[in-house]
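Listed in order, the protein sequences are those of chains A and B.
Residues in the first sequence are numbered from 32 upward in steps of one, following my numbering.
Residues in the second sequence are numbered from 36 upward in steps of one, following my numbering.
C-beta atoms are modelled at their ideal positions from N, C-alpha and C, and glycine is treated no differently.
Every value quoted in this text rests on a predicted model; they were computed, and no experiment measured them.
Heads up, the thing below is written out as structure tokens.
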Amino acid sequence: MEKMKERIRTFFGYKDLFHELVSKDIKLKYRRSFLGYIWSILNPLLIMCIMVLVFSHMFRFDIANYPVYLIIGQTIFNFFSEATNKSMWAILGNASLLKKVYVPKYVFTLSTVTSSCVNMLFSLGAMLIVFIFCHVMITPWILFVPVILLQVYIFCLGMGMFLSATTVFFRDIQYIWSAVITAWMYVTPIFYPIQQLPVWLQRGIKHLNPLYSYIQQFRMIVLDGACPDPRLVLYGFVVALTMLVLGTWVFFKSQDKFILYI
Amino acid sequence: MDTDIAVKVDHATVRFNMATERIDNLKEYFVKLVQGKLMFQEFLALKDVSFEVKKGEAWGLVGTNGSGKSTMLKLISGILKPYKGTVTVNGSIAPLIELGAGFDGELTARENIYLNGAVLGYNHKFMEEHFDEIVDFAELRDFLDMPIKNYSSGMAARLGFAIATVVRPDILICDEVLAVGDYAFQQKCEKRMTDMRNAGTTLLYVSHNMDSVRNVCEKALWLDRGVIKDIGAVEIIAEEYLRFERE
């Protein structure tokens, strides 16, 4: 417990570094490109348009407001995918720095996940455009969205800590993870309705896929204009916090050995 | 612990991973896998080293390449943890283990000053206050908004040194960083280090330039292949070391 308090105190000492690392990522993301930050909105819109075209005309699903349905799932899943992929390299990519100066190592993972979060916040602009275009009714429940995003952030942070620590020792994880993310994308009902799947699979997804819970909460707010199911919210928080505790524990246990393997 | 002592290294051993990548055949791969030597081969960079540095002293570390000098400095800075033994440090440390640690080539000098400052633990406001002082010491006012990847190595070294010495730390650790600068830069850095020493900062300095070591330090430590070969006044150690080198 004392160690945790000490860690939190150290973190406040390094909060400027955290701030600098996140702003560096954001500044460099679109530097020397013509359209710059417009891509944060344009990119998700383009992908959504492609998916709407493909799935409305090639496969027939009976989903009202398909673009809205799609972009919600896409935004959340992209955040998860980007945050985890970048955080795998958080420690290895900063190896040269870690070998020269003492810096608390978790700051790197924390800053990569946070900069992915900031990117996601920019892309909420694309989501807003789609909502307006599809005449979605905005109810007061929209104020619950930050709570959902918080759950996703905590979950991504836990997963990111776990991945950044394990990739140092087993570089193989990057290849395993790309397969895992692909499978995860198909197992999450982003572009198809969950009712299309056999019942046993539906039950499996509802119990084991936290991303389904987050996406479903968001959809309930926007498409149904209703309060999200409290069981989903509870499940979401429990899984996110468990992942955070697990990831952080693995990270702190192994961080003293990082220097030998980077 | 005695508050008079700035750094105390007590029977410290530092173990590294050689990570050799030579596997000639499949049999060797399995043998190494079973022995647990596939990803980790032990190498002891420092073996049972002990010494003490009192506050305000200026120590030089000399030795051939690969003797463990940089490892010793990293141990004291907290970058490496000792495999055996302890290291205790009393006071704030400014490590100059490589200039531009934390520099990101894509960012401009202005942005890098804040980033590098944050890496060393200085907050944004502090860097803002000392911004002009840093730029003037580094003589880079015309190049502030240029990405660092386009800088010459001397320019980057000047910037790195200026940022790292902007504050008066309790302990300054300087590792062979002056080799890349021109004569004027080396003089400037030596002067700053001597000023800091006179103001009471403890100094640990690694260099292959014996004149520089003699100018800046009063005591010296000679490391050879991870073990302390000798320890004492800088003149004596410098003599012995040069005699040894020439043989």
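ask   = Hey, isoleucine 122 of chain A and serine 209 of chain A: beta-carbon distance below 7 angstroms or not?
value = no
inquiry  = Does the contact criterion of 3 or more C-beta pairs under 8 angstroms hold for the stretch 71-90 of chain B versus the stretch 143-150 of chain B?
reply    = no
ask   = Just how far apart, CA to CA, sit isoleucine 185 of chain A and threonine 273 of chain A?
value = 9 angstroms
Glycine 71 of chain B vs glycine 261 of chain B beta-carbon contact at 7 angstroms = no
query = Taking one C-beta from the stretch 189-204 of chain B and one from the stretch 45-58 of chain B each time, how about it: are there three or more such pairs within less than 8 angstroms?
reply = no
inquiry  = Against lysine 116 of chain B, what residues of chain A qualify as contacts under a CB-to-CB distance less than 9 angstroms, listed in chain order?
reply    = Listed along the chain, the chain A residues whose CB falls inside 9 angstroms of the CB of lysine 116 of chain B are Asp287 and Ile290.
task = Could you pull out every unbroken alpha helix (DSSP H) segment of at least 4 residues lying fully inside the stretch 42-90 of chain A, listed in chain order?
result = Those alpha helix (DSSP H) runs which fall completely within the stretch 42-90 of chain A and span 4+ residues are 46-60 and 69-88.
message = Do leucine 79 of chain B and valine 241 of chain B have their beta-carbon atoms positioned less than 7 angstroms apart in this structure?
response = no
request  = Determine, using beta carbons only, whether aspartate 47 of chain A comes closer than 7 angstroms to chain B.
outcome  = yes
ask   = Are glycine 98 of chain B and leucine 213 of chain B closer than 7 angstroms when you measure CB to CB?
value = no
Contacting residues, own chain, Cβ-Cβ under 6 angstroms from tyrosine 170 of chain A (five flanking each side not counted) = Sequence check: residue 170 of chain A is threonine here, not tyrosine. Only Gly256 meet the Cβ criterion.
inquiry  = Going by DSSP in three states, arginine 50 of chain B sits in which element: helix, strand or coil?
reply    = strand
request  = Report buried or exposed for isoleucine 69 of chain A, applying the criterion of at least 16 other Cβ atoms within 10 angstroms of its Cβ.
outcome  = exposed
task = Look up valine 212 of chain B in the DSSP assignment and say whether it is helix, strand or coil.
result = coil
key: Contact check, serine 127 of chain B vs aspartate 205 of chain B, beta carbons under 7 angstroms   = Yes, Cβ-Cβ distance for serine 127 of chain B and aspartate 205 of chain B is below 7 angstroms.
Endpoints, alpha helix (DSSP H) assigned at valine 154 of chain B = The continuous alpha helix (DSSP H) containing valine 154 of chain B extends over residues 144-154.
query = With 7 angstroms set as the bound, which would you pick, yes or no: does the beta-carbon of lysine 131 of chain A sit closer than that to a beta-carbon of chain B?
reply = yes
request  = Could you name the residues of the same chain whose beta carbon sits closer than 8 angstroms to that of leucine 115 of chain B, not counting the 5 residues immediately before and after it, in chain order?
outcome  = Val49, Thr106 and Lys109
request  = Would you tell me roughly how many angstroms separate the C-alpha atoms of valine 248 of chain B and alanine 197 of chain B, rounded to the nearest one?
outcome  = 20 angstroms
query = Which class does isoleucine 204 of chain A belong to by DSSP, given the choice of helix, strand or coil?
reply = helix
request  = Under 8 angstroms Cβ to Cβ from valine 218 of chain A, same chain only, skipping five residues before and after it: list those, please.
outcome  = Only Ile236 and Asn240 meet the Cβ criterion.
key: Option in A/Lys60, A/Phe111 and A/Tyr61 with minimal Cα separation from leucine 242 of chain A   = A/Phe111
inquiry  = Based on DSSP bridge pairs, tell me the residues matched to tyrosine 240 of chain B.
reply    = B/Gly95 and B/Cys209
query = Relative to the alpha-carbon of lysine 254 of chain B, which residue among B/Glu270, B/Leu73 and B/Ile208 has its alpha-carbon at the smallest distance?
reply = B/Glu270
Any chain A beta carbon closer than 7 angstroms to tyrosine 186 of chain B = no
ask   = Candidates B/Glu164, B/Gln76 and B/Glu133: which alpha carbon is nearest alanine 199 of chain B's?
value = When each option's Cα is compared against that of alanine 199 of chain B, the closest is B/Glu133.
request  = Quick one: which residues of the stretch 119-152 of chain A get their C-beta closer than 7 angstroms to a C-beta of chain B? List them in chain order.
outcome  = Leu128, Lys130, Lys131, Val132, Tyr133 and Val134
request  = Measure from the alpha carbon of histidine 50 of chain A to the alpha carbon of each residue in A/Met251, A/Phe139 and A/Met119, then state which is nearest.
outcome  = Comparing Cα positions, the closest option is A/Phe139.
task = Scan the stretch 220-252 of chain B for residues whose Cβ lies nearer than 9 angstroms to a Cβ of chain A and list them as they occur along the chain.
result = none
key: Neighbourhood of methionine 245 of chain B by C-beta, 8 angstroms cutoff - its chain only, sequence neighbours within 5 removed   = Val97, Ala273, Tyr276 and Leu277
message = Counting beta carbon pairs with one atom in the stretch 61-71 of chain B and one in the stretch 226-236 of chain B, are three or more of them shorter than 8 angstroms?
response = no
request  = Look up aspartate 265 of chain B in the DSSP assignment and say whether it is helix, strand or coil.
outcome  = strand
query = When DSSP labels each residue in this structure, what does valine 134 of chain A get in the three-state scheme?
reply = In the structure shown, valine 134 of chain A sits in coil (DSSP, three-state: anything other than H, G, I, E or B).
ask   = Under 7 angstroms between the Cβ atoms of valine 144 of chain A and cysteine 187 of chain A?
value = Yes. Within cutoff.
key: Under 8 angstroms from the C-beta of arginine 62 of chain A: neighbouring residues of chain B   = Listed by position along chain B, the residues whose Cβ is nearer than 8 angstroms to that of arginine 62 of chain A are Glu141.
request  = Rounded to whole angstroms, what's the CA-CA distance from glutamate 63 of chain B to leucine 73 of chain B? Just pull it up for me.
outcome  = 10 angstroms
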